[in-house]
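A.B. asks: I'd like to ask you about the structure that follows.
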Amino acid sequence: MSITIKDVAKKAGVSISTVSRVINSSKPVSSEIRQKVLKIIEDTGYQPNPIARSLVMKKSQLIGVVVPDISNFFIGEILNGIEEIGKMYGYDILLCNTYGQLEQELRYLNLLQAKQVEGIVFMTWKLQDQLVEYIEKIDTPVVLINRNTSKLLIPSVSIDNFQAAYEMTKYIFDNGHKKIALIRNSLDQDAFGFDQFRGYQKALEENGLEIDDNLVRYGNFKLENSYEIVKEFIQKDILPTAIFATSDVMAIGAINCLLDNGYEVPGDVSVVGFNDIKLASIYRPNLTTIHQPIYDIGAVSIRIIVKMINKEELDSNVVILPHELVERDSSKKIK
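Dropping the structure here:
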């Protein structure tokens, strides 16, 4: 039979409210009584009810995390940062997987508030107006991941996706490539894809190249979609000399298709990615990619949430972390 707070109070010869004060440090209790109650709690193995305790303290020690695809490698590494730093601050994580559906996103936001989470880390493929309105009106602190929210009231953590894509496209051009394909996220997933496209566009225009609409395709972050896109390039005889995929997983899908069809990477086609997930440095050929500090994105988002919970002033509403172009074996210079 489990020990209750009533049992602890009886053994200590004090009231239930006194035991509650000791557990929650809510009101002063004499040192002698405190030590007596704590000793009985230790001896009996009593575990306070977390729900009851959160009602007394008005602190649940819970942070909600909403993501569009828990199976995504990039999101998985972000979750590592969120969970580990959350623990350091004494918070547990409630994870919600929305599959990128607006209905599910709104439902989970409601659910997390009902669970009395103290803050929410939110990631979506498409930040729709309905979501923005909802998030801006609730009292629970929210931080967005991979969004530049400089025009919104919501704090966010990301890299400069425009600049990163610009640098990668320029790198490919400087390596002698003039026919450069872009495999990006789908049109209805604008989390950061539009900024990446603008970076690609600017680099081409600065170097006197026009965008070939046949070479800008939508892979929806999926390996199999990227595979089919490159297969179509081959079948239509429009295979470029370089492919820039805006996720490492899509880059790997492109490489798989090229190898399966007798092409060498980077001998015949250079392929580069974006994110620098752990797989990028393990896969063969090692992937040239844009390195994002993925773990740090999650870690910083939690630190911002904790600051907001504690009513501390934020240095900035938008935190832009540094990125780096990492050159590996999947790309090369051509004449």
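Sequential numbering from 23 applies to the sequence shown in our numbering. Using N, Cα and C, we set each Cβ at its ideal position, and we do this for glycine too.
#1: In the DSSP assignment, the alpha helix (DSSP H) including residue 67 goes from what residue to what residue?
#2: Is it right to say residue 280 is buried, meaning 16 or more other beta carbons lie within 10 angstroms of its own, or is it exposed?
#3: Could you tell me which residues DSSP pairs with residue 348 in its beta bridges?
#4: Indicate the three-state DSSP secondary structure (helix, strand or coil) for residue 240 in the structure shown.
#5: Which same chain residues end up closer than 8 Å to residue 357 when comparing Cβ atoms and leaving out the 5 residues on each side of it in sequence?
#6: Residue 206 lies in the beta strand (DSSP E); which residues open and close that run?
#7: In whole angstroms, what separates the C-alpha of residue 77 from that of residue 39?
#8: Compute the beta-carbon to beta-carbon distance between residue 122 and residue 147, rounded to the nearest angstrom, for a pair I have assumed lies under 8 Å.
#9: Please list the segments of the alpha helix (DSSP H) lying wholly inside the stretch 23–54, counting only runs of 4 or more residues, in order along the chain.
#10: What residue from 232, 229, 165, 252 has the CA that sits closest to residue 206's CA?
#11: Where does residue 353 land, buried or exposed, given buried means 16+ other C-beta within 10 angstroms?
#12: Thinking residue 266 and residue 204 are a contact (beta carbons under 8 Å), I'd like their distance in whole angstroms, please.
#13: Is the beta carbon of residue 272 closer than 9 Å to that of residue 141?
#14: Please list the segments of the alpha helix (DSSP H) lying wholly inside the stretch 214–239, counting only runs of 4 or more residues, in order along the chain.
#15: Between residue 165 and the ligand ZN, is the CB less than 8 Å from at least one heavy atom?
#16: Whole angstroms is fine: what's the gap from residue 289's alpha carbon to residue 276's?
#17: Considering only DSSP beta bridges, list what residue 290 is partnered with.
#18: Taking the C-alpha atoms as reference points, what is the distance between residue 25 and residue 41?
#19: If you run the structure through DSSP and keep just helix, strand and coil, what is residue 144?
#20: Buried or exposed, going by whether 16 or more other CB atoms sit within 10 Å of the CB of residue 223?
#21: How far does the alpha helix (DSSP H) with residue 108 in it extend, from its first residue to its last?
#22: Can you pull the DSSP bridge partners for residue 340?
C.D. replies: Well, looking at it:
#1: Within the sequence shown, residue 67 is the residue found at index 45, counting from 1. Where residue 67 is concerned, there is no enclosing alpha helix (DSSP H), given that its DSSP letter is neither H nor E.
#2: The residue you call residue 280 lines up with position 258 of the sequence shown. By the neighbour-count rule (16 or more Cβ atoms within 10 Å), residue 280 is buried.
#3: Numbered from its first residue, the sequence shown carries residue 348 at position 326. Bridge partners of residue 348: 311.
#4: Within the sequence shown, the letter at position 218 stands for residue 240. Of the three classes helix, strand and coil, the one that applies to residue 240 here is strand, per DSSP.
#5: As a first step, residue 357 is located in the sequence shown; it is residue number 335 there, counting from the start. The residues are 198.
#6: By 1-based counting over the sequence shown, the position of residue 206 is 184. Counting along the chain, residue 206 sits inside the beta strand (DSSP E) bounded by residues 202–206.
#7: In the sequence shown, residue 77 corresponds to position 55, counting from 1. In the sequence shown, residue 39 corresponds to position 17, counting from 1. For residue 77, the pLDDT reaches just 49, beneath the cut-off of 50, and the residue's location in the model is therefore unreliable, although a value from the coordinates is still provided. Cα to Cα, the separation comes out at about 14 Å.
#8: The residue labelled residue 122 in the question sits at position 100 within the sequence shown. The residue labelled residue 147 in the question sits at position 125 within the sequence shown. Beta-carbon to beta-carbon, residue 122 and residue 147 are separated by about 5 Å, close enough to satisfy the 8 Å threshold.
#9: Considered as a whole, the stretch 23–54 harbours 27–34, 38–46 as its complete alpha helix (DSSP H) runs of no fewer than 4 residues, in chain order.
#10: Counting from one through the sequence shown, the residue named residue 206 turns up at place 184. The residue with the shortest Cα to Cα distance from residue 206 is 252.
#11: Stepping through the sequence shown from its first residue, residue 353 is reached at position 331. Buried: at least 16 other Cβ atoms inside 10 Å.
#12: Translated into positions along the sequence shown, residue 266 becomes position 244. Translated into positions along the sequence shown, residue 204 becomes position 182. Residue 266 to residue 204, Cβ: 5 Å. Contact.
#13: If you number the sequence shown from 1, residue 141 lands on position 119. If you number the sequence shown from 1, residue 272 lands on position 250. No.
#14: Under the rule that a run must span 4 or more residues, the alpha helix (DSSP H) segments found entirely inside the stretch 214–239 read 215–228.
#15: As presented, the structure is devoid of all ligands, the ligand ZN included, so that no description of it is given.
#16: Reading the sequence shown from its first residue, position 267 is the one you call residue 289. Reading the sequence shown from its first residue, position 254 is the one you call residue 276. When rounded, the distance between both Cα atoms is 14 Å.
#17: On the sequence shown, position 268 is the one that residue 290 refers to. Paired residues: none, contrary to the question.
#18: Numbered from 1 along the sequence shown, position 3 holds the residue referred to as residue 25. Numbered from 1 along the sequence shown, position 19 holds the residue referred to as residue 41. About 13 Å.
#19: The residue you call residue 144 lines up with position 122 of the sequence shown. In the structure shown, residue 144 adopts extended strand secondary structure according to DSSP, grouped into three states.
#20: Sequence index remark: in the sequence shown, residue 223 carries index 201 (1-based). Buried, by the Cβ-count rule.
#21: Indexing the sequence shown from 1 puts residue 108 at position 86. Unbroken alpha helix (DSSP H) run through residue 108: 95–110.
#22: Stepping through the sequence shown from its first residue, residue 340 is reached at position 318. Partner(s): 178.
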